[in-house]
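Inspection log for the structure reproduced underneath, given as structure tokens.
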Amino acid sequence: MPRARGGNKRKESRKKVMALAKGYKGKRGTSHRIAKQAVMKALRNSYIDRRRKKRDFRRLWISRISAAAKQNGISYSELIGGLERRSVALNRKMLADLAVRDAATFAVLAEMAKGEAVKG
């Protein structure tokens with residue numbers, strides 16, 4: 115039977131888990147069994163939250179656009195619909211940025227959308 119070679123696999127894998135758990139409080143940072151559970155949960159949550167972040171930012175942008183649109187006398191849905199009919203290719207992130215930083219330009223866009231809504 116050939117000699118088994120491959121080193122300390124167990125030690126290496128434990129070391130990897132403990133490195134990921136560095137900075138955790140109490141036994142979560144010192145005990146391998148508990149650290150492994152904490153690391154698994156942390157990795158799962160970070161995976162989920164990378165997707166949740168996209169949702170949360172879109173909600174924020176929509177609420178900012180909606181507030182600015184109401185100040186210009188138009189609803190959010192009318193604004194978006196009017197801009198689409200006018201073929202204005204601005205995404206919600208850019209519209210929200212304009213609403214916060216450049217109210218005059220946003221007002222022009224709102225008027226464009228309003229004019230289209232009245233005609234259409």
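Numbered according to our numbering, the sequence shown spans residues 115 to 234.
Heads up, the beta-carbon is just placed ideally off N, CA and C, and yes, glycines get one too.
At a cut-off of 4 residues, the continuous stretches assigned as alpha helix (DSSP H) that sit fully inside the segment 168-234 are 190-199, 206-215 and 217-233. A straight line joining the alpha-carbon of V131 with that of V153 spans about 7 Å. Of the candidates A227, K184, R166 and R215, the residue whose Cα lies closest to the Cα of G196 is A227.
For a cut-off of 8 Å, the C-beta gap from I179 to A203 is around 15 Å, too long to register as a contact. Rounded to the nearest whole angstrom, the C-alpha separation of A118 and L134 is 29 Å. The beta-carbon distance between A224 and L193, rounded to whole angstroms, is 6 Å. This is short enough to meet the 8 Å contact definition. In the three-state DSSP reduction, A152 falls in the helix class (H, G or I). Judged by DSSP in its simplified three-state form, K125 adopts helix. Note that the C-beta distance between G143 and A149 is below 8 Å.
In this structure, A183 lies near S189, with their beta-carbon atoms less than 8 Å apart.
Straight through space, the alpha carbons of R166 and S201 are spaced by roughly 29 Å.
Closest in C-alpha terms to K207, from the list G121, K168 and R164, comes K168.
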